[in-house]
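Working notes for the structure below.
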């Protein structure tokens, strides 16, 4: 039996070095837990953000819930919270039919923050990111250049979290760095 | 003397900041704020280029983006050289190197000008009538000569070092054009607090106000009003001001594309700043304040350098402080040129005014100008210009009712001509709005809008300053959804003109060359020839003569061409049609359209968690869809074939390790999951036990194979589906489509887990020995964990789904671990395997190993026209199932008919010969062409394990041809090969169960 | 680039969507009961009108839901969008006539 | 018909070209014709020309709603090649290519057919397999096509970037040297002039509004904006609008109409010696005899009759072009436009009979109809003249969608692993 420490650290695709630019800072976000929750008719429930409107999110610390579609939520939590979160889902949904799939390793997040963050995102994201159209608490799947992303804006700060599939992370990160440079 | 034609005062140029650039090797001095054109004129340079066909000397016709003639090659530094820059648009600055185009050996002495002497032969469409004989001369002589003569400037030769940016933007009101109407619209819209974008192609906002120096608005000078307006707009946080930004495309649903020139005008651009930025604006409402273009007059030799548009003469004087000539003749059929003449006179230049209109049709402007001491001739026509490479005189004659009187030569060094105005309705037309011909204004005006759009000011045919302001303001307010208009008091604008076509002349009409399209050398005579030959639709005329198809896209020529055709055919102008305007309004660099999508950002390169390890261990990679996969691991001194042979042998003899992470994976979850799988795949799934796997085959509804892959049942209501690497998105989409739209009643959800799992295939007789020490919670024995089963447990402490599957035909496992653990587990397995000589292998060895077993690869053995039976997989089809996607199509007559191509093996007569994949197969190599082809080779390799080459092929009725010798194409002719079973290795299949 | 009103997410740019062709062509419940002509008709024949067209779209890079739309194929203007399984508020053929 | 030649051109030059007459007449419609062809594009005009010249049927009208050659004939990127995989397609396009090779002389109209070679780039191993399959199949069909290494591709097309560092490196290419381009408008005009000279009436600004059928259901003519025109046989060759016209006859078609975009750059001195196509990165490019780089973009994803597509299609095309030719980013797009292409389920054309007697159709050429123009007209003329398909178009039936005998070139090139 090999030492468990071999896998104690998660090997994330992007290096840790942040890319600094005063007006749009791009940095990989730390790893965490991500669950894709699919369930129908759960909007009446209040826990886990199930009551959120489509394309809205709630966030507290590392925990967040983003409703990406009528029956789809992306749930996030700190790295050690997988079982806790699964437990909460079970408690909230009982034996209601649902699909819970661990996508913690599928998703990679990059953050972009600063006064030009939205402009930089708009180099590749076709959405209206103004405060009126994409206020604090917005979350949606969309595009960044040629990659699909989930774009999250947890707070009113000009800070966005861009989640993509792991193999697109290099592209997404590179795109944001270039966009921040030329924004 | 430097800048001998710079006026002593006036203009918006910064006389405190001199600049220099070069033109054809000569140093040109100018001031900041000059365009290349204005600086050239300040230095008395009028001859700046040669025309496309006849190589006629050409000068500067206009002052803006409608310029057809003054096109230059511009060198902005290493790698930054490009052709066809309009001198009237390029902002002059230090460090530019400009040169004229389409001339050899020099601009002044151009050999190509011989074409001008042959112009009586080189008429419109002449090339359709000749160059056909002898036939062989076309390829060898005529065409090369024609092509060598074509083109203007020289294409860039090296990769462009500049960067280009892209920006998606949204606003409530987009205003295109910041002339008086646009500024007024912006002021009104901005007040609403809504988001406004105001864009103008010029470096400064103001449009005509920049040179209409005598105008007043609301009691102040136009300049003071302009400055105040811009200041006010700048004060709004909700307003974005975009100078140097051309709206070039108006697409569906108010998607408007603009290109912003960010750094070309700067000597030392900010670090990282892009050369240009493409703005893709989605606007709630659009206000088009795009202005209008002045029309040239059509008379003989109207293309002589020094002949310009009247308003452009005014712009050069007022905006740039440049005298385009010392003795200027204005020729006009309307009022606006009088303002130009008055300003020229005021600047101290000699001026003569020639009005084509009879005295009675001239407004008060004629008398006003006479009062200023200018000679005004009315009721004239223009016969021709005098001079060679610069106009030296204008020949005019009185003309009434078509009768031309005595000629008079007016000596001059510049002509300012005006044939009236054409609203710039390009964007309106692109928006698919309907144009309506307005006889009074002799123009097509915006009619019915197709999108949320309004045209204002000169773009709507409104030329009077106060009207421009009022219409602009009203449109801005309406676009912003707020009530309110306001009136503007402004100085009067001389407006109105009499439409003229080609001017009456006393010369032999067959000899007169009066240019309509300056760049493409299309004359009025050419248009008439086209009509004589039956080209009557304006689109036909355009295509036959090439009028309007030059880099200016006919901005100065379209209305003249239409008018001449209309007059000649005696049909009303709208009956001739107007050309549909297409993007772009002015030419747009490819770079701006590409934006950041270059090099690493052209297309994402998808890599697996094990990619870096493979790179560190000498892997060569191949592209598969967006993925980069390890192809083989050649060691130093090995070529690819040696490496693949070694990798293949290692798997059969010991153990190999392979990165299969790119396989698509879908988690199918729900109480109806098995039923859903039954409908999507040809196979049955209901009875597949939990913990068991099955090879699944999926068809499109047309019955052809879409994809395949191993599917594991993780729980009663949960399947772990795998797909091909390239097929993953396609399969997911296919399944979602049926699930959501055909069977929404099924309780099933799909989640892509392709990237959640790293997949490490450990294959070979020693596979179990290698992984056994690392795995916990799973009994790996053959009995407890047989071939085609799956278990959940842990490896190296990481959770894993361990598959006992094989794509090699040997004992094998596929370890699925969460991706972040992929590399660590891979390294652990690799370390554990070292005692067994574990060998990393790539996709090429994987292909060989599976071909030895006759396993198909979708996309290689199949191509979108192949059924399960064609590849010998009809046995997969669940006979009991009434329906699944594609089933019905398998029963179509030509799908069940004999003669379909079937998968077989091919053994070459020469064992070492590896056939080409894609090689064709015939029965009789002696058959004359066209030959009967029986099929083609789908896969072909040298198999070290078989000690010979092996091939798979699709052959018509192939299964009936076992043992037959067929003939296969090779680069050297046909090679004989025997049809055989597609399984070349371990045909009993025992190894897989070891 | 079209602007499409996803019934779940609101208006979004076309690049987030994939078009699935003509709408309201239900897969037969028993394809084997169809003769070859009828099956080919189901698979391949499309109304392809110049004018109003009911078509399927999926908000692929959004909520991932298939829905339907009525669009004028001459002006490219959308008349309406509605959820899968629903019918347009005005029958297409009437509106087309 | 006044013969075109250098001599006639020179003699006209003396007189200021006053002596040229109409290249085709503008007649009034007759009450009826032996054959009415709906659609005055290249294919329709070629059909009329071959009806007259090959079959001696001259009582023919070509009915065009706008101006001839104004549809896809005048909107395509003019690529001509015949290196198709399947025998059916290969024979059809090779038939056309052979006609192209003598077309200027045959029509006495210089269509500027330029056999500058079409080079199709292979960017991955699948492309290599697929292209070699084409090369071998073409050769056995008597069609020239050859495999080139990356270096040979570069030698044939010097602007090509063959760096191994490229996102999709060029691994080689398939070259058909006899392939090339032609002047699209001239093709329509040349056929019109030739057909007209033999008595065919070309009726422009004449839109078909209905197809009249007799009690037995057979087509007997077309209603048009210039009145009813009787016909013994009606041939519909109305690319982009086939579904609409066939709908008038009550025939529903396996077609969808998509916008297809193309663009040209500003003209530059010769820089691009051939045609280059890249399926993997979705780009094709050549240089016109005027010096413009002619670039084909893709279709939009939705059906439309607007002749207008989205900017993102253009952008993606230029991404691809500049990936293969990075020196072109400073070139400028001069003009872009859209056409409407009819696409069949197998992307191959339908040429032949319809369920309505005396009504024939030639449609579904998708993005590749221009290259087939002479061949298409030739075999369709045969079909209209005899009522039966020419052996070359016999496989291209409407019925193949029922029987499953599809001719799917695109599927044969499908990429998957």
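Protein chains in written order, with UniProt numbering: chain A, 1 to 183; chain B, 1 to 994; chain C, 1 to 97; chain D, 1 to 417. The beta-carbon is built from N, C-alpha and C at its ideal position, and this holds for glycine as well. This structure is a prediction, so every number in the text was calculated from the model and none was measured.
At a cut-off of 8 Å between beta carbons, residue 13/B makes no contact with chain D. If you draw a straight line from the Cα of residue 639/B to the Cα of residue 948/B, it comes to about 18 Å. For residue 52/D, the uninterrupted alpha helix (DSSP H) segment begins and ends at 42-53. Contacts with chain B at 8 Å (Cβ-Cβ) include residue 165/A. The Cβ atoms of residue 357/B and residue 378/B sit closer than 8 Å to each other. Secondary structure at residue 89/B: coil, using DSSP grouped into helix, strand and coil.
For residue 27/B, the pairing in a beta bridge is given by DSSP as 22/B. By the Cβ criterion, the region 35-55 of chain C is in contact with the region 881-894 of chain B, since at least three pairs of Cβ atoms, one from each stretch, lie closer than 8 Å.
Three or more beta-carbon pairs separated by less than 8 Å are not found between the region 748-768 of chain B and the region 623-637 of chain B, which leaves the two stretches without contact.
Here the alpha carbons of residue 509/B and residue 532/B stand approximately 15 Å from one another. Looking at the DSSP output, residue 622/B bridges to 629/B. As computed with DSSP, residue 58/C is found in a beta bridge with 18/C, 66/C. Using a Cβ-Cβ cut-off of 8 Å, residue 252/B counts as an interface residue toward chain C, since at least one Cβ of chain C sits closer than that to its own. For residue 622/B, the closest Cβ of chain D is nearer than 8 Å. If you check each beta-carbon in the region 129-160 of chain A against every beta-carbon of chain B, the ones closer than 9 Å belong to 129, 130, 132, 133, 145, 146, 147. Residue environment for residue 502/B: buried (at least 16 other C-beta atoms within 10 angstroms of its C-beta).
Residues 52, 71, 83, 84, 101, 102 of the same chain have their beta carbon placed closer than 7 Å to that of residue 152/B, with the five preceding and five following residues left out of the count.
For the beta strand (DSSP E) assignment, the uninterrupted runs of no fewer than 3 residues enclosed by the region 242-324 of chain D are, from N- to C-terminal side, 256-267, 275-278, 283-287, 292-299. The beta carbon of residue 167/B sits closer than 8 Å to those of 277, 278, 279, 280, all from its chain and outside the five residues before and after it, given in chain order. 8 Å or more divides the Cβ of residue 548/B from the Cβ of residue 424/B. Excluding residues up to 5 positions away in sequence, 65, 67, 70, 71 lie with their Cβ nearer than 7 Å to the Cβ of residue 86/B in the same chain. In the displayed model, residue 378/B falls within coil according to three-state DSSP, outside both helix and strand. Looking from the CA of residue 766/B, the closest CA among 656/B, 566/B, 128/B belongs to 656/B. Judged by their CB atoms, residue 832/B and residue 773/B are nearer to each other than the 8 Å cut-off.
Neighbours of residue 257/D in chain C, taken as residues whose beta carbon is under 9 Å from its own, are 48, 50, 73 in chain order. Contact between the region 198-210 of chain B and the region 615-629 of chain B is absent: fewer than 3 CB-CB pairs across the two stretches fall below 8 Å.
Closest by C-alpha distance to residue 234/D, out of 395/D, 222/D, 110/D, 197/D, is 222/D.
Residue burial annotation: residue 364/B is exposed, with fewer than 16 other C-beta atoms found within 10 angstroms of its C-beta. Residue burial is scored here from C-beta neighbours: residue 457/B has at least 16 other C-beta atoms within 10 angstroms and is therefore classed as buried. For a Cβ distance threshold of 9 Å, nothing in chain C lies close to residue 158/D: the least Cβ distance comes to about 35 Å. With a threshold of 16 other beta carbon atoms within 10 Å, residue 929/B falls short and is exposed. Runs of beta strand (DSSP E) with 3 or more residues, each lying fully within the UniProt domain "Aminomethyltransferase C-terminal" (901-986) of chain B, are found at 901-908, 920-922, 935-943, 948-956, 965-970, 973-980, listed in chain order. Residue 695/B: member of the beta strand (DSSP E) spanning 693-699, first to last residue. Shown in chain order are the members of the region 322-339 of chain D whose Cβ falls below 7 Å from a Cβ of chain B: 322, 323, 326, 327, 328, 329, 330, 331, 332, 333, 334, 335, 336, 337.
Residue 59/A carries a strand assignment under DSSP once its states are collapsed to helix, strand and coil. Residue environment analysis places residue 162/B among the buried positions, since at least 16 neighbouring C-beta atoms fall within 10 angstroms of its C-beta.
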